[in-house]
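Following: one structure in structure tokens, then a few remarks.
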């Protein structure tokens with residue numbers, strides 16, 4: 082579960098270091114957690130600060146600097162498979178817990194039981210803004226690690242075919258509007274609005290407000306969303322439009 | 572207040588969770604809306620959020636039947652609306668804390684809370700944890716609360732940027748919650764309200780799954796049909812994965828709602844200046 086750094090030189094593995102401490106140092110001197118005995122490496126070259134599941138790389142004012150995935154950085158929020166280069170040495174960051182946590186663990190909101198109790202003397206006035214207590218973010222306090230549960234980013238939406246509507250009559254005839262956003266508005270809020278929404282299983286048209294209800298293929302819509310099919314004909318307040326999927 | 576505000580609410584357990592641990596409550600007569608996102612094993616989360624909303628509605632609505640929300644509290648000098656909101660969160664905290672200590676299966680339960688009390692052309696907003704309140708004014712959607720979360724603290728202290736925060740795996744750690752400790756520190760602010768404003772209270776199941784820009788486009792486009800807007804917000808969260816319970820309360824300000832002031836009260840107020 083714990084993230085790790087894998088040190089290698091020219092593809093040959095040298096050392097594997099678990100990021101179990103809040104602060105892991107990298108440098109030439111022997112007191113570092115990861116020692117790289119090479120003159121191109123500063124005595125204290127860099128540090129990795131790990132808070133719960135996230136790790137941050139920081140250059141400790143080293144002489145020769147470092148790069149992550151080929152980009153020179155001073156501070157960096159490490160992502161799984163990032164490659165840190167210090168001189169000719171490479172450190173690969175691996176944080177594979179995403180694949181190891183069960184779906185049931187997702188998203189549970191948890192209270193962080195900081196060793197420093199979040200209870201503070203009540204503010205003088207109820208209207209006062211509370212003070213943020215960041216004491217538990219500092220070193221040697223095992224703040225969140227025990228109770229932390231992780232959450233994944235939403236998966237990339239399954240691909241929905243691109244689609245557009247084309248206006249068929251009136252002064253704007255021929256104009257095409259591609260439905261790039263999750264929600265496309267036709268009309269003016271407060272007066273007359275119809276929206277076209279893109280969902281994982283297709284496109285829908287919904288009447289939101291206004292006296293004019295659109296018709297689809299000649300049938301006037303009701304209040305419910307209606308799924309659109311390729312080449313459907315939409316008519317709204319006299320304007321005719323064709324919905325079509327783009328290949 | 573019923574004439575000035577249009578309120579809709581909707582909650583959904585999402586696409587992954589079996590339970591809905593969110594609770595919502597509204598009291599249109601006194602202009603109060605409350606949303607809570609509970610946490611704790613088994614059904615403890617539901618219990619905690621349920622206690623929070625029911626205690627808060629009672630503690631705010633009952634006193635307002637007799638007293639004016641703009642009346643000043645003698646001890647603190649604050650308006651009653653602010654005092655009630657603060658006290659109600661404290662009471663909810665005590666109730667949940669006691670319940671959790673009394674029964675082993677509820678041990679450690681807690682809840683976030685966000686509440687808005689509309690009065691005198693203003694809104695008092697109180698929150699604890701990472702449930703949010705947004706305001707749509709004109710075309711601009713603005714986040715009016717700041718999460719009490721580890722992630723927000725990391726952003727504030729400059730450890731990570733907003734862009735990096737989107738990829739953080741720490742987004743569900745809250746640094747304050749109701750019912751966890753013997754005391755709680757709510758954050759309360761008062762904002763001016765304009766007719767046409769739309770206020771959105773939501774649990775993190777919405778804003779973790781739907782980008783702010785997309786929330787804005789839904790609320791803006793569908794402001795003429797709040798029920799549809801609420802449904803669309805929840806549907807969007809679920810279409811994006813719906814990993815958490817998702818709850819929304821939408822409040823639209825239809826007209827001004829100045830608190831009637833007696834001649835004497837105005838005079839006293841003037842003398843105090």
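Chains as they are written, first to last, in our numbering: chain A, 82 to 328; chain B, 572 to 844. Ideal Cβ positions, reconstructed from N, Cα and C, are used throughout, including at glycine.
- Burial of residue 117/A is indicated by the presence of at least 16 other C-beta atoms within 10 angstroms of its C-beta.
- Pairing residue 721/B with residue 769/B gives a Cβ-Cβ distance that is not under 8 Å.
- In this structure, the straight-line span from the alpha carbon of residue 756/B to that of residue 696/B is close to 14 Å.
- Between the segment 788-800 of chain B and the segment 268-281 of chain A there are three or more inter-stretch CB-CB distances shorter than 8 Å, so the stretches are counted as touching.
- With a cutoff of 8 Å on beta-carbon distance, residue 801/B and residue 819/B are scored as near each other.
- C-alpha of residue 280/A to C-alpha of residue 138/A: approximately 38 Å in a straight line.
- In the displayed model, residue 763/B falls within a strand according to three-state DSSP.
- Interface annotation, residue 795/B: in contact with chain A, CB-CB separation under 8 Å.
- In the structure shown, residue 697/B adopts extended strand secondary structure according to DSSP, grouped into three states.
- Interface annotation for the segment 572-599 of chain B against chain A: 587, criterion Cβ-Cβ distance under 7 Å.
- Only those residues of the segment 713-742 of chain B whose C-beta falls short of 7 Å from the nearest C-beta of chain A are listed: 721, 724, 727, 728, 730, 731, 735, 738, 739, 740, 741 and 742.
- Contact note: residue 133/A reaches chain B through 721, 740, 741 and 744, using a C-beta cutoff of 8 Å and chain order.
- Taking 8 Å as the cut-off, the beta carbon of residue 615/B is found closer than this to the beta carbon of residue 680/B.
- For residue 711/B, the closest alpha carbon among the candidates 767/B, 780/B and 812/B is that of 767/B.
- DSSP places residue 776/B outside any beta strand (DSSP E); the residue lies instead in the alpha helix (DSSP H), whose first and last residues are 775-778.
- In this structure, DSSP gives residue 758/B an extended state, which the three-state scheme calls strand.
- Looking at the backbone, the Cα of residue 293/A and that of residue 573/B are separated by about 28 Å.
- Interface criterion not met: the Cβ of residue 327/A is under 8 Å from no Cβ in chain B.
- Rounded to the nearest whole angstrom, the C-alpha separation of residue 600/B and residue 584/B is 28 Å.
- For residue 792/B, a Cβ of chain A is located within less than 8 Å of the residue's own Cβ.
- Separation of residue 786/B and residue 603/B (C-alpha to C-alpha, rounded to the nearest whole angstrom) is 23 Å.
- Scanning chain A for C-beta atoms nearer than 9 Å to the C-beta of residue 696/B yields nothing, as the closest lies near 11 Å away.
- The beta-carbon of residue 835/B is placed no less than 8 Å from the nearest beta-carbon of chain A.
- In this model, residue 782/B and residue 252/A are separated by some 35 Å (Cα to Cα).
- Remark: three or more beta-carbon pairs, one from each stretch, lie closer than 8 Å, so the segment 658-669 of chain B and the segment 751-765 of chain B are flagged as touching.
- If you draw a straight line from the Cα of residue 700/B to the Cα of residue 687/B, it is about 15 Å long.
- Collapsing the DSSP output to three states places residue 636/B in a helix.
- When secondary structure is reduced to three states using DSSP, residue 837/B falls in the helix class.
- Between the alpha carbons of residue 135/A and residue 736/B lies a gap of roughly 10 Å.
- When the alpha-carbon of residue 301/A is set against those of 316/A, 264/A and 114/A, the nearest one is in 316/A.
- Counting along the chain, no beta strand (DSSP E) covers residue 309/A, and no H or E run does either.
- At a cut-off of 8 Å, the C-beta of residue 280/A has a neighbouring C-beta in chain B.
- According to the DSSP assignment, residue 135/A belongs to the beta strand (DSSP E) that extends over 135-140.
- Interface annotation for the segment 806-822 of chain B against chain A: 807, 810, 811, 812, 814 and 815, criterion Cβ-Cβ distance under 7 Å.
- When DSSP states are grouped into helix, strand and coil, residue 593/B belongs to the strand group.
- Taking a contact as a CB-CB distance under 8 Å, the pair residue 796/B and residue 289/A counts as one, their CB atoms being some 5 Å apart.
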